[in-house]
Amino acid sequence: MSTLKLPPVGKKNREIRTVGRGFQSIFFIVFTLLMMAGINTRLAYLQIIEGHKLKARAEANRIRTIAKQPERGNIFDRNGKLLATTRYPRSVYLWPMAHTRPSWSVVGPRLEQILKTPREEIEKKLDEAGADATSLVRIARDLSEAEITALKEYENELQNVEIHTEAVRYYPHGKELAHVLGYTRELTPQQLKKKKKEGYRLGDVIGQMG
């Protein structure tokens, strides 16, 4: 009586599992290489193409410039009458990107309420300064005591809002002697466009003809 020899049942299964593991290893290697290629491509894009912009934004977050107007001496006539002097009002400043942050939904309406300045007007000044600006943007000047008190009262929710004292030229006689002394005034949009290459910024004050 002949005996039929059959292969062990588990051997074929082991061979199938071995082949499967080989495909899994190849797939894992290919997947890893693709992931690394994607990451390297993204890093190259950020460093080479976007590197300048990102560096400028990082500098803007790290360096904060507060422009201060120079103090000027008093001017008297020959009889000792005061013609021009300096006073020190307080102004409200914001960081250029303040209106792009989540907190602006609270800060914007509060400033509009306290300063009686439309929120759109404030945002326009911030947009004009530009995203890469490192200087504070003045949004209101010559604050009253009531406005200062209100800003202090809500300072916990007014993020990126600062109050600074600045030197401002003051002429006791108003425009009477403007044709002789001249006067100082904040740059107009047209003047800023012409002088921006000379280093002038939004909010700078320059001498004007009388």
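With my numbering, the residue at position 170 of the sequence shown is 171, and numbering never jumps. All C-beta atoms in this analysis are idealised placements derived from N, C-alpha and C, irrespective of residue type, glycine included.
Checklist entry - Below 8 angstroms between beta carbons: does that hold for isoleucine 115 and leucine 152? => result The sequence position of residue 115 within the sequence shown is 114, counting from 1. The sequence position of residue 152 within the sequence shown is 151, counting from 1. Cβ distance < 8 angstroms, so isoleucine 115 and leucine 152 count as in contact.
Item to check | Sequence-distant residues of the same chain with beta carbon closer than 6 angstroms to glutamate 113, five excluded per side | outcome: What you label residue 113 is simply residue 112 of the sequence shown in a count that begins at 1. Excluding sequence neighbours, glutamate 113 sits near Arg120.
Checklist entry - Going by beta carbon distance, what residues of the same chain come within less than 7 angstroms of valine 107, once the five residues before and after it are set aside? => result Counting from one through the sequence shown, the residue named residue 107 turns up at place 106. These residues qualify, in order along the chain: Glu158.
Checklist entry - On the three-state DSSP scale, how would you describe alanine 45? => result As a first step, residue 45 is located in the sequence shown; it is residue number 44 there, counting from the start. Residue state, collapsed to three classes: helix.
Checklist entry - Would you report the Cα separation of tyrosine 94 and valine 162, rounded to the nearest angstrom? => result Here the question's residue 94 lines up with position 93 in the sequence shown. Here the question's residue 162 lines up with position 161 in the sequence shown. Approximately 6 angstroms between the Cα atoms of the pair.
Item to check | Complete runs of the alpha helix (DSSP H) confined to the segment 77-117 [at least 4 residues] | outcome: 105-116
Checklist entry - From arginine 43 to phenylalanine 28, what distance separates their C-alpha atoms? => result Residue 43 sits at position 42 when you count from the first residue of the sequence shown. Residue 28 sits at position 27 when you count from the first residue of the sequence shown. Roughly 23 angstroms between the two C-alpha positions.
Checklist entry - Quick one: what's got a C-beta closer than 6 angstroms to arginine 88's C-beta in the same chain, skipping five residues either side? => result Position 87 of the sequence shown, counting from 1, holds the residue named residue 88. Correct list, in chain order: Val169, Tyr171.
Item to check | Buried or exposed (CB count within 10 angstroms, at least 16 for buried), serine 136 | outcome: For the purposes of this step, residue 136 is taken as residue 135 along the sequence shown, with counting starting at 1. It counts as buried.
Next on the checklist: Going by DSSP in three states, alanine 134 sits in which element: helix, strand or coil?
Outcome noted: Position 133 of the sequence shown holds residue 134. Reduced to three states, the DSSP call for alanine 134 is coil.
Item to check | Extent of the continuous alpha helix (DSSP H) to which glutamate 148 belongs | outcome: For this step, residue 148 is matched to residue 147 along the sequence shown. Where glutamate 148 is concerned, the enclosing alpha helix (DSSP H) stretches over 146-154.
Checklist entry - What do you get for lysine 194, buried or exposed, if any count of 16 or more other CB atoms within 10 angstroms of its CB means buried? => result The sequence position of residue 194 within the sequence shown is 193, counting from 1. Label assigned to lysine 194: exposed.
Item to check | Beta-carbon proximity of arginine 91 to threonine 33, cut-off 8 angstroms | outcome: Residue mapping note: residue 91 aligns to position 90 of the sequence shown, counting from 1. Residue mapping note: residue 33 aligns to position 32 of the sequence shown, counting from 1. Result no, Cβ atoms of arginine 91 and threonine 33 do not sit closer than 8 angstroms.
Checklist entry - Should valine 138 be labelled buried (16 or more other beta-carbon atoms within 10 Å of its own) or exposed? => result The residue labelled residue 138 in the question sits at position 137 within the sequence shown. So valine 138 counts as buried.
Checklist entry - Taking just the CA atoms, how far does valine 181 sit from aspartate 78? => result As a working note, residue 78 is residue 77 in the sequence shown. As a working note, residue 181 is residue 180 in the sequence shown. Distance between the alpha carbons of aspartate 78 and valine 181: 12 angstroms.
Item to check | C-beta atoms of lysine 126 and isoleucine 140 nearer than 8 angstroms | outcome: Here the question's residue 126 lines up with position 125 in the sequence shown. Here the question's residue 140 lines up with position 139 in the sequence shown. It is a contact, given that the beta carbons lie within the stated cut-off.
Checklist entry - Once you ignore the five residues that flank proline 110 on each side, which residues in its own chain have a CB closer than 8 angstroms to its CB? => result Residue 110 sits at position 109 when you count from the first residue of the sequence shown. Arg120, listed in sequence order.
Item to check | Start and end residues, beta strand (DSSP E) containing tyrosine 171 | outcome: Working through the sequence shown from its first residue, we reach residue 171 at position 170. Here the beta strand (DSSP E) through tyrosine 171 covers 169-171.
Item to check | Nearest to serine 145 (by Cα), restricted to the options Lys117, Trp105, Ala45 | outcome: Position 144 of the sequence shown, counting from 1, holds the residue named residue 145. The option with the nearest alpha carbon to serine 145 is Lys117.
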